[in-house]
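Those letters in the sequence shown? Residues 3 to 134, by the working numbering. Where a beta carbon is used, it is the ideal one built from N, C-alpha and C, also for glycine. The structure displayed is predicted, hence computed values, not measured ones. Input: a single structure, listed below in structure tokens.
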Amino acid sequence: QELRNEIDVTYNTALPVIFGVKKYADALWGVCERRNIKVNVQTVLTEVDGDKKQAVFENLKNPGEKYTKDYSFLHVTPPMGPPEILKNHQILTNEAGFLAVDPKTLRHSRFDNIYGIGDCTSSPNSKTMAAI
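See the structure below:
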């Protein structure tokens with residue numbers, strides 16, 4: 003516990019919010035404040051120099067504005083989204099490329115014989131993207 007005061011923890015996300023579900027986002031903001039975790043929204047990792055232990059980030063609110071951050075530990079989750087097969091068949095998807103379904107029935111919004119389940123759907127649950 004004594005070491006925590008000597009460690010800077012920063013959470014960077016390309017999203018405009020800390021989490022996609024407001025109820026949980028509000029709780030997470032509280033956790034970050036209590037634990038002194040800096041949060042940068044609309045920030046994307048563009049480069050990692052492993053030899054120098056430096057990460058380069060771009061501020062999406064001001065495209066082209068970049069900054070370099072030294073690190074001793076870096077945890078990165080790659081960009082994720084719907085499968086290419088769905089993105090390439092826009093008749094089946096919403097604007098973001100997810101299978102367009104009714105959130106209560108999981109039946110496709112246009113085709114009655116199509117149902118969807120999991121992270122590929124447009125249901126409002128948070129996507130783990132583990133299945134994609």
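In this structure residue 59 touches residue 14 by the C-beta definition: roughly 6 Å separates them, less than 8 Å. Take the alpha-carbon of residue 110 and the one of residue 100: they are about 11 Å apart. Beyond the five residues adjoining it in sequence on each side, residue 27 comes within less than 6 Å, by CB distance, of 19, 20, 21 in the same chain, given in chain order.
Only buried fits residue 103, as 16 or more other CB atoms lie within 10 angstroms of its CB. Secondary structure note for residue 47: its beta strand (DSSP E) is the uninterrupted segment 45 to 51. In this structure residue 94 is buried. Its beta-carbon is surrounded by 16 or more other beta-carbon atoms within 10 angstroms. DSSP places residue 71 in the uninterrupted beta strand (DSSP E) bounded by 68 to 72. Under DSSP, residue 39 shares a beta bridge with 11. In this structure, residue 42 and residue 12 form a Cβ contact; the two beta carbons are roughly 7 Å apart against a cut-off of 8 Å.
In the structure shown, residue 109 adopts extended strand secondary structure according to DSSP, grouped into three states.
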